[in-house]
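Beneath this line is the structure, given in structure tokens, with notes to follow.
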Amino acid sequence: MPWQSLSATLSAKPHVLAGPVLRKVTSREVTVWFALRRACTITLKVFQGNNAILTGTTATVAVGVNLHIVAVTADKLQPPHSGLIEGIVYEYDAIFDFGGLQITLSGATHNASLAYPPFTRPSFCLPPANVNQLRLIHGSCRIPHGNGPDTLPLLDGLIAQGASNPYARPHQLMLTGDQIYADDVGYAMSMMLSDAGEALLGWSEEVSVKFMSQPPRTIRVADLSLAGREIGLMFDAGFTSVDLICQLIGLGEYIAMYLFVWSDALWPSPAADLPTYGQILARFQANEQLGDPGFGRRIGNLDRSGIEKQTARTLDFRNTLPQVRRALANIPSYMIFDDHEITDDWNMTRLICQTMYSSDLGLRVIQNGLTAYALCQHWGNMPNQFDTSATPLPAGAKLQLVLDGINAATHATAGPALRRLLGVHEHAVLAARRPYSVFHDADALDYHYTVEGPGHQIIVTDTRTWRSFSGGAHDGGEFLPGAQLARQIVNTPPTGDRALLVVLTTNAPPVQPIRSTTRHPVLTREVALKFEDDGSPDIYEAWELPAKATDRLYKAISEKLPLITIPFAGTVRRGHAILLSGDVHTSFASRLLFNATARFEDPQASPQPVTAVYAQLVASSFRKQTGNTVGQHRDGYTFAPAWIVKKILIPDHKPEGY
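Residue numbering for the sequence shown follows our numbering, starting at -14 and increasing by one per position.
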């Protein structure tokens, strides 16, 4: 059966389009995220056996006519219970009230498989106080049409094999960046997302696009051709990704992507009915008049075999989504963006910021991407920021008020208010700061947060939307200016004797080949442009070593370590921290011994000795295998795509000191 528009099938879809996704869990609150096609009020109940321990009720936010999102928190303790404790597997359920019509979770999901035997409802357990019993899953970078299998479904098996054992099943999931790829979207996926965005919103978003030397034009997002997206984003907004042809632009597209990668509910049924090459070609040819005149012939010459293989890989991804959906319903998950939630190279250099934030199109895309991130990811990280009953209203609650019932006209005029809440500013505002920097106003959302466990603390940093650029236009920025190092790391709740984990979405430090390319930026850009058609390679996306910014980072982390008094030597910061990062699609580990009689920028009159070990665990991608990632895993730290690069630029691997 040919692929059909979602508008023709949406009424037959379940009420719950994505979710439940289990999010923040503490001893006194449990948050679960849902996306629905109808407005409703959801009551969440947490059970031990048949006894309800926590309850909570929240109404959805109407982002579209057929798109209603909510993260509902159960935080009302039911007597005689005083809270959740470790060593017990809890279950939860939800009741959906559609204006007096009440439907169970099973009914609202069309009996989706969400529980692990012997349980009949989604379940979870708290992390243990003994950190040696803690089971933490960590990963990033998941692209639907990527090579290799999607490895996130492996989590389903890990939970299933220990579901009834609170010390054997995984306790927490850390998704540390690139949960979606907004700039590297497959052709079939692009067609489905553009269509779904329109169907879910129920209104058409328009954007202003400047094609080359032509004057700006206002165009429906759904009518943008491949050329319109690529040329407009590249020349009008300064986007630098090499995969701009199907880049997400509209708010509906961005939110639809989350729904498509977390649930199978919106996908065609049967699964094989994805858009065919012929349908893809016809759709894009119909819109070609919006691009440059020569681009239509290029579309007609698309590699049919390559697109069909890409669609087959997308189908493989879709076929394991039931396992992903069940897993996400049964483990507390915590998330943070990297660049691909918006676009590749987002905020990487000052020049990229100047062009993106000088363009109406660039501002709209970033606004839409961060709106989708806030609703789909961050609401579950920090539900208190979205509490509409709080006084004064926090930023997330204000965001809900702006978005609830929004339509094409109000969305177009709400841009300044949305961008202020999201932490997005025009270039002129950024340029007025010394140095040039991206930042948040005091009343905007904060994307950094901590996860507080009885035996461990996870500090999740936001190194993407807090950056300062004191160098040249092509130079990278300082990821966390001094005030943010203090705010996001030092001034968090005391760690005490718990294990300390710090999430840095990019490596600190990266492997030697990445460091070598950063040390030779001009040569790296020339080689990347010549051999990979990439004029903006990711050479400023890690914590370089040695570097002042990295020294400040290590110092800030050491402030979280306990002070130990040593006879005749005074007090020493002593302990260890685990750094979690991803981004580079290959996994590796590094160990840094930090011994100092005085740390970088300590006052001369009061230096602080430190003895610490920082262990970095870098996750490979969930799905983004390439020849380079395989080569890195095969050859190790000194891998390079070409032998001449390795011979000239990359030193042999050995322990380093400075």
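Beta carbons: idealized from backbone N, C-alpha and C, even for Gly.
Given the structure is predicted, the values throughout are model-derived calculations rather than measurements.
Rounded to whole angstroms, how far is the Cβ of MET320 from the Cβ of LEU160, which I believe are closer than 8 Å?
Their Cβ separation, rounded to whole angstroms, is 4 Å, which keeps MET320 and LEU160 in contact under 8 Å.
Can you list, in chain order, the residues of its chain with a C-beta nearer than 6 Å to that of ASP78? Leave out the 5 residues immediately preceding and following it.
So the list reads LYS30, LEU90, ARG106, once near-sequence residues are dropped.
What are the boundary residues of the beta strand (DSSP E) that ILE321 is part of?
Where ILE321 is concerned, there is no enclosing beta strand (DSSP E), given that its DSSP letter is neither H nor E.
I need the DSSP call for ALA402, collapsed to helix, strand or coil.
ALA402: helix per DSSP, three-state reduction.
How big is the Cα-Cα spacing for PHE280 and ARG214?
Below a pLDDT of 50, predicted positions are generally treated as unreliable, and PHE280, at 49, falls in that range; the measurement from the model is reported next regardless. Each residue's Cα considered, the two are about 12 Å apart.
Nearest CA to the CA of VAL488: which residue from ILE542, VAL227, TYR172?
VAL488 has its Cα closest to that of ILE542, out of ILE542, VAL227, TYR172.
Taking its Cβ as the centre, do 16 or more other Cβ atoms sit within 10 Å of GLU463, making it buried, or is it exposed?
Burial call: buried.
Since ASN132 sits in a beta bridge, which residues does DSSP pair it with?
Note: ASN132 sits in a beta bridge opposite GLN610.
What residue range is occupied by the uninterrupted beta strand (DSSP E) comprising THR(-6)?
Note, THR(-6): premise wrong, no beta strand (DSSP E); alpha helix (DSSP H) at -9 to -6.
In terms of residues, what are the limits of the alpha helix (DSSP H) holding GLY354?
345 to 358 is the span of the alpha helix (DSSP H), which, as asked, contains GLY354.
Please go through the same chain and pick out, in chain order, the residues whose beta-carbon is closer than 7 Å to the beta-carbon of TYR358, but skip the five residues on each side of it.
Once the five neighbours on either side are set aside, the close Cβ partners of TYR358 are PHE322, GLU326.
Identify every run of the alpha helix (DSSP H) within the stretch 481 to 563, keeping only runs that are complete inside it and at least 4 residues long; order them along the chain.
497 to 504, 506 to 517, 533 to 543, all fully within the stretch 481 to 563.
Please report the straight-line C-alpha distance between ALA167 and ASP324, rounded to a whole angstrom.
Using only the alpha carbons, I get a separation of about 9 Å.
Short check: CB of MET333 to CB of TYR525, under 8 Å?
Their beta carbons are under 8 Å apart, which means MET333 touches TYR525 by this criterion.
Should ALA375 be labelled buried (16 or more other beta-carbon atoms within 10 Å of its own) or exposed?
Result: exposed.
First and last residue of the alpha helix (DSSP H) that includes THR299?
Start and end: 289 to 304.
On the premise that GLU437 lies in contact with LEU348, defined as a C-beta separation below 8 Å, what is that separation, rounded to the nearest angstrom?
LEU348 to GLU437, Cβ: 35 Å. No contact.
Nearest to HIS459 by alpha carbon, out of GLN442, HIS561, SER521?
Residue SER521 is the option with its Cα nearest to HIS459.
Using 8 Å as the Cβ pair cut-off and three pairs as the minimum, do the stretch 120 to 133 and the stretch 604 to 620 touch?
Touching, per the Cβ criterion.
Between VAL496, ARG584, ARG500, which has its C-alpha nearest TYR539's C-alpha?
Nearest of VAL496, ARG584, ARG500 to TYR539, Cα basis: ARG584.
Can you give me the Cβ contacts of PRO640 inside the same chain, cut-off strictly under 7 Å, excluding the 5 residues immediately before and after it?
Excluding sequence neighbours, PRO640 sits near nothing in its chain.
Between SER344 and ALA222, how many whole angstroms is the CB-CB distance? I'm expecting something under 8 Å.
With 8 Å as the limit, SER344 and ALA222 qualify as a contact, their Cβ atoms being about 4 Å apart.
Below 8 Å, can you find three or more Cβ-Cβ pairs linking the stretch 432 to 448 to the stretch 476 to 492?
Result yes; three or more Cβ-Cβ pairs closer than 8 Å.
Rank LEU99, PRO495, LYS9, GLY381 by C-alpha distance to the C-alpha of SER566 and give the top, closest one.
The shortest C-alpha separation from SER566 is found at PRO495.
PRO278 by DSSP, collapsed to three states: which one?
Here the model assigns PRO278 a pLDDT of 43, short of 50, so the residue's position is not dependable and the matter cannot be decided.
Identify, in the order they occur along the chain, each residue of the same chain with its Cβ nearer than 6 Å to the Cβ of ILE216, setting aside the five sequence neighbours on each side.
Excluding positions up to five away in sequence, the list reads PHE196.
Cutting at 7 Å between CB atoms, please list the residues of its own chain near LEU415, excluding the five before and the five after it.
Result list for LEU415: CYS338, TYR342, TYR421, SER422, VAL423, in chain order.
Is it right to say GLN146 is buried, meaning 16 or more other beta carbons lie within 10 angstroms of its own, or is it exposed?
GLN146 should be labelled exposed.
Compare the Cα-Cα distances from ALA100 to each of ALA56, ASN315, HIS53, GLN87 and report the closest residue.
Comparing Cα-Cα distances from ALA100 to each of ALA56, ASN315, HIS53, GLN87, the minimum goes to ASN315.
Within 10 angstroms of the Cβ of PRO379, are there 16 or more other Cβ atoms? Answer buried if so, exposed if not.
Under this definition PRO379 is a buried residue.
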